[in-house]
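Q: I'd like to ask some things about the structure below.
This is how it looks when you write it as structure tokens:
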């Protein structure tokens, strides 16, 4: 690292489920750091977090704390991003924001590096990281969209509890233990912390992620719809999503049906995916080999399998997409954007 | 029951996950029995099973055992049905077969009483019970198909392990305990007992139910395709399925997209479903009220919610369908057919 330029980086929300993974990614990817600042609420300030074997003291996230920071990775909730990302940007930092605060802001690029890296150049101090369920889906569809054109997407998700944060992971663990031990199940976190009603997630399925909108879709589902169109830069793509929480800790799975504009051969689809950056083609049904969250957890790639042509629409394709929602779905995509900023001399 | 006619009934496979529920259904529905015979393999013969507080001794399932039987409920695997249902039928019994052995046989009606009860009249001694994932889906779609016509179905399932039998339930329980206690996870049953590779189901998702076919779909998926067309009596309906096993004990969930032929109003769709037999409309997003397997387990109805019009196709409708796979998906549908045989004087 001696001869390499280093950058002054801040991580806001370093103690959360995603923040932890951001630090892990900065470490394992050997991101060129000149300094690393960990920022959080006043409540967490003073605590220490390990990074590369050293203790780093968490500082309070104030506007002034961003002085001298070049890249700020935000994952401390939408309200923190809304308040502080503009302050950081004003002080010269490029913010990579993992919350939904700025994703649909027309002045903010929404970036998946495998799909629309060029959009980064238009940043005004803030680049948004898409929703976890969106990232892995567009990463897997992009090679096909680029080659054949994309008419529509219908997706049903199988989302891990870690997407709802550390408390939801704890809740799944606690509920599972209670059921296994014949004890009472406590429901305190899922499906949505801020809503009154709670549902059991252990050995259950909850067809609600985030709040409901008037059109009957949830916010999570509409994130997939809107973000996909923005990332692809194509409002004409039809997208419909059903987002579902299941009792898995890490790794979102997606059953995806796409209609392409041009005819395709399945062999070409397989080749395109096998060659695509960030994608692992895992599609050997005869060996019972297909993506599963237990295998994808801890990996940065997006895994794609169960490829098959629709039985009625020759331009319809079914696929099964799995990725670690805390990594490609959040922390890795953010650090990947930071790497890309460096590679493109944008910072 | 004194003045009511009673029937001589046999249950083949009474000790299995579905057989147990068949007995429970015969009991709770107060099915008019003149006699009840429990049949199983020679291995299980001699064991006793409780029914209405009495011990019934299991007899060996031989062709002769069906002498005098009027209704035989089969759930002991496809090979047992193939061997013995024709023998039972030859002796005058009407067999309701829960296996896949005869479902696609053109001489065998495939019946969901809410959908195609009239097909029962064409039985030749055997009536087939559809696949669990098919039954709840067609039951929920039928009121809409009858009113608006049906163009296509795209379904992704979230299937409980009990669909794979008692051993799979035990496996989920054992694996879950092992993980909670930090012990080694044993994989012996799922996804398919007869195939060499096994995958963990606890805290995981397996996108394989039954074996793979050359077209990339699994047998379970093609069951949903073919059985749906047969039950609706309409080969022109486009059906595509992705069948997925998740760590839930009882209750299959389905994310279903349908395209109807005529225009619809959502309010009419809601009313049709609310009034449909066997269906419970559970669709109050503002109260976070929607179907979930934890609520549907133990109930005979099919629960439908998350109704919303597609964002791009005005004749497209998204819905979420949940039912107890061992009850409406198997035992209850079979006993319901038996009730209907009685009501229609077909036995």
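Residue numbers (this note's numbering), protein chains in the order written: chain L, 943 to 1289; chain G, 943 to 1289.
Backbone N, C-alpha and C fix where the C-beta goes; we use that ideal spot for every residue, glycine too.
Pull up the distance between the alpha-carbon of residue 1030/L and that of residue 1057/L, whole angstroms please.
A: Working through the first chain from its first residue, we reach residue 1030/L at position 88. Working through the first chain from its first residue, we reach residue 1057/L at position 115. Between residue 1030/L and residue 1057/L, the C-alpha separation is close to 26 Å.
Q: In whole angstroms, what is the alpha-carbon distance linking residue 1170/G and residue 1135/L?
A: Residue mapping note: residue 1170/G aligns to position 228 of the second chain, counting from 1. Residue mapping note: residue 1135/L aligns to position 193 of the first chain, counting from 1. Computed Cα separation, rounded: 39 Å.
Q: Kindly indicate which residue of 986/L, 949/L, 1006/L has the alpha-carbon position closest to the one of residue 978/L.
A: Locating residue 978/L in the first chain gives position 36, counting from the first residue. It is 949/L whose Cα lies nearest to the Cα of residue 978/L.
Q: For a contact defined as C-beta to C-beta under 8 Å, what are the partners of residue 1214/G on chain L?
A: Here the question's residue 1214/G lines up with position 272 in the second chain. Correct list: empty, because the minimum Cβ distance to chain L is about 17 Å.
Q: Can the beta-carbon of residue 1277/G be found less than 9 Å from the beta-carbon of residue 971/G?
A: Translated into positions along the second chain, residue 1277/G becomes position 335. Translated into positions along the second chain, residue 971/G becomes position 29. Their beta carbons are under 9 Å apart, which means residue 1277/G touches residue 971/G by this criterion.
Q: Determine the closest residue to residue 983/L out of 997/L, 959/L, 1012/L, 1019/L, with distance taken between C-alpha atoms.
A: The residue labelled residue 983/L in the question sits at position 41 within the first chain. Cα-wise, what sits closest to residue 983/L is 1019/L.
Q: In chain G, which residues lie less than 9 Å from residue 1139/L when you measure between Cβ atoms?
A: The residue labelled residue 1139/L in the question sits at position 197 within the first chain. Going along chain G in sequence order, the residues near residue 1139/L (Cβ under 9 Å) are 1229, 1230, 1231.
Q: Starting from residue 1117/G and walking both ways along the beta strand (DSSP E), at which residues does that stretch end?
A: By 1-based counting over the second chain, the position of residue 1117/G is 175. Element bounds for residue 1117/G: not the beta strand (DSSP E) but the alpha helix (DSSP H), 1108 to 1122.
Q: In the DSSP assignment, the alpha helix (DSSP H) including residue 1237/L goes from what residue to what residue?
A: Taking the first residue of the first chain as position 1, residue 1237/L is located at position 295. Residue 1237/L -> alpha helix (DSSP H) spans 1235 to 1238.
Q: List the residues of chain G whose Cβ lies closer than 8 Å to the Cβ of residue 1133/L, in chain order.
A: Start at 1 with the first residue of the first chain, and residue 1133/L comes out as number 191. Near residue 1133/L (Cβ distances below 8 Å), the residues of chain G are 1230.
Q: Of the residues 1163/G, 1131/G, 1137/G, which one's Cα is nearest the Cα of residue 1149/G?
A: Within the second chain, the letter at position 207 stands for residue 1149/G. It is 1163/G.
Q: Could you name the residues of the segment 1187 to 1208 of chain G whose beta carbon sits closer than 7 Å to any beta carbon of chain L, in the order they occur along the chain?
A: Within the segment 1187 to 1208 of chain G, the residues whose Cβ lies closer than 7 Å to some Cβ of chain L are 1188, 1189, 1190, 1191, 1195, 1197, 1199, listed in chain order.
Q: Could you work out which residues of chain G lie near residue 1248/L, taking near to mean beta carbons separated by less than 8 Å?
A: The count along the first chain starts at 1 and reaches residue 1248/L at position 306. Within chain G, the residues near residue 1248/L are 1149, 1158, 1184.
Q: I'd like to check one pair, residue 1187/G with residue 1132/G: are the Cβ atoms closer than 9 Å?
A: What you label residue 1132/G is simply residue 190 of the second chain in a count that begins at 1. What you label residue 1187/G is simply residue 245 of the second chain in a count that begins at 1. Cβ atoms of residue 1132/G and residue 1187/G: closer than 9 Å.
Q: Check this for me: beta carbons of residue 1036/L and residue 1067/L, under 9 Å apart or not?
A: For the purposes of this step, residue 1036/L is identified with residue 94 of the first chain, where counting begins at 1. For the purposes of this step, residue 1067/L is identified with residue 125 of the first chain, where counting begins at 1. Their beta carbons are under 9 Å apart, which means residue 1036/L touches residue 1067/L by this criterion.
Q: Figure out for me which residue from 1079/G, 964/G, 1006/G, 1003/G has the closest Cα to the Cα of residue 994/G.
A: Indexing the second chain from 1 puts residue 994/G at position 52. Of the listed residues, the one whose Cα sits closest to residue 994/G is 964/G.
Q: Any residues in the segment 1087 to 1102 of chain G with a beta carbon nearer than 8 Å to a beta carbon of chain L? Which ones, in chain order?
A: Answer in chain order: 1094, 1096, 1098, 1100.
Q: Is it buried or exposed for residue 1048/L, if we count other Cβ within 10 angstroms and need 16 for buried?
A: Counted from its first residue, the first chain places residue 1048/L at position 106. The residue in question, residue 1048/L, is exposed, as its Cβ has fewer than 16 Cβ neighbours within 10 Å.
Q: Considering only residues of the same chain and omitting the five flanking positions on each side of residue 962/G, which have a CB-CB separation below 6 Å?
A: For the purposes of this step, residue 962/G is identified with residue 20 of the second chain, where counting begins at 1. Same-chain partners within the cutoff: there are none.
Q: Since residue 997/G is in the beta strand (DSSP E), which residue starts that stretch and which ends it?
A: On the second chain, residue 997/G is found 55 positions in, with the first residue counted as 1. Start and end: 996 to 999.
Q: I want to see whether chain G comes within less than 9 Å of residue 1234/L, judged by CB atoms only; does it?
A: Here residue 1234/L corresponds to residue number 292 of the first chain, with the count starting at 1. Yes, residue 1234/L counts as interfacial toward chain G.
Q: Are any of the Cβ atoms in chain L nearer than 9 Å to that of residue 1022/G?
A: The count along the second chain starts at 1 and reaches residue 1022/G at position 80. Not closer than 9 Å to any Cβ of chain L, the Cβ of residue 1022/G fails to qualify, so no.
Q: Quick one: what's residue 1002/L bridged to in DSSP?
A: The residue you call residue 1002/L lines up with position 60 of the first chain. In DSSP, residue 1002/L forms a bridge with 982/L.
Q: At the level of alpha carbons, what is the spacing between residue 1007/G and residue 1106/L?
A: Here residue 1007/G corresponds to residue number 65 of the second chain, with the count starting at 1. Here residue 1106/L corresponds to residue number 164 of the first chain, with the count starting at 1. Between residue 1007/G and residue 1106/L, the C-alpha separation is close to 56 Å.
Q: State yes or no: is the C-beta of residue 998/L within less than 9 Å of the C-beta of residue 1015/L?
A: Start at 1 with the first residue of the first chain, and residue 998/L comes out as number 56. Start at 1 with the first residue of the first chain, and residue 1015/L comes out as number 73. Not a contact, by the Cβ cut-off of 9 Å.
Q: So the beta strand (DSSP E) residue 1182/L belongs to, where does it begin and stop?
A: Position 240 of the first chain holds residue 1182/L. Counting along the chain, the beta strand (DSSP E) containing residue 1182/L begins and ends at 1180 to 1184.
Q: My understanding is that residue 1127/L touches residue 1142/L, with C-beta atoms under 8 Å, so please give their C-beta distance in whole angstroms.
A: Position 185 of the first chain, counted from the start, is the residue given in the question as residue 1127/L. Position 200 of the first chain, counted from the start, is the residue given in the question as residue 1142/L. At roughly 6 Å, the Cβ-Cβ gap stays under 8 Å, so residue 1127/L and residue 1142/L are in contact.
Q: Mind checking who residue 1069/L pairs with in its DSSP beta bridge?
A: Along the first chain, one-based indexing puts residue 1069/L at 127. Beta-bridge pairing links residue 1069/L to 1038/L.
Q: For a contact meaning CB atoms closer than 8 Å, what does residue 1176/L contact in chain G?
A: Within the first chain, residue 1176/L is the residue found at index 234, counting from 1. The premise fails here: residue 1176/L is roughly 13 Å from chain G at the closest Cβ pair, so nothing lies under 8 Å.
Q: Am I right that residue 1062/L and residue 1282/L are in contact with their C-beta atoms under 8 Å? What's the rounded C-beta distance?
A: The count along the first chain starts at 1 and reaches residue 1062/L at position 120. The count along the first chain starts at 1 and reaches residue 1282/L at position 340. So it is a contact: roughly 6 Å between Cβ atoms.
Q: How big is the Cα-Cα spacing for residue 1028/G and residue 1082/L?
A: In the second chain, counting from the first residue as 1, residue 1028/G sits at position 86. In the first chain, counting from the first residue as 1, residue 1082/L sits at position 140. Near 50 Å, if we compare the C-alpha coordinates of residue 1082/L and residue 1028/G.
Q: From residue 976/L to residue 1285/L, what distance separates their C-alpha atoms?
A: In the first chain, the residue the question calls residue 976/L occupies position 34. In the first chain, the residue the question calls residue 1285/L occupies position 343. Roughly 16 Å separates the two Cα atoms.
Q: Quick check on residue 990/L: does DSSP put it in helix, strand or coil?
A: Along the first chain, one-based indexing puts residue 990/L at 48. In this structure, residue 990/L counts as strand in the three-state DSSP scheme.
Q: Do we get a CB-CB distance below 9 Å when we pair residue 1109/L with the residues of chain G?
A: Looking up residue 1109/L in the first chain gives position 167. With 9 Å as the cut-off, residue 1109/L does not count as an interface residue toward chain G.
Q: For residue 1258/G, write down the residues that DSSP places opposite it in a beta bridge.
A: Reading the second chain from its first residue, position 316 is the one you call residue 1258/G. In DSSP, residue 1258/G forms a bridge with 1201/G.
Q: Output, in chain order, the set of chain G residues within a Cβ distance shorter than 8 Å of residue 892/L.
A: Residue coverage of chain L in this structure runs from 943 to 1289, which leaves residue 892/L outside it and unanswerable.
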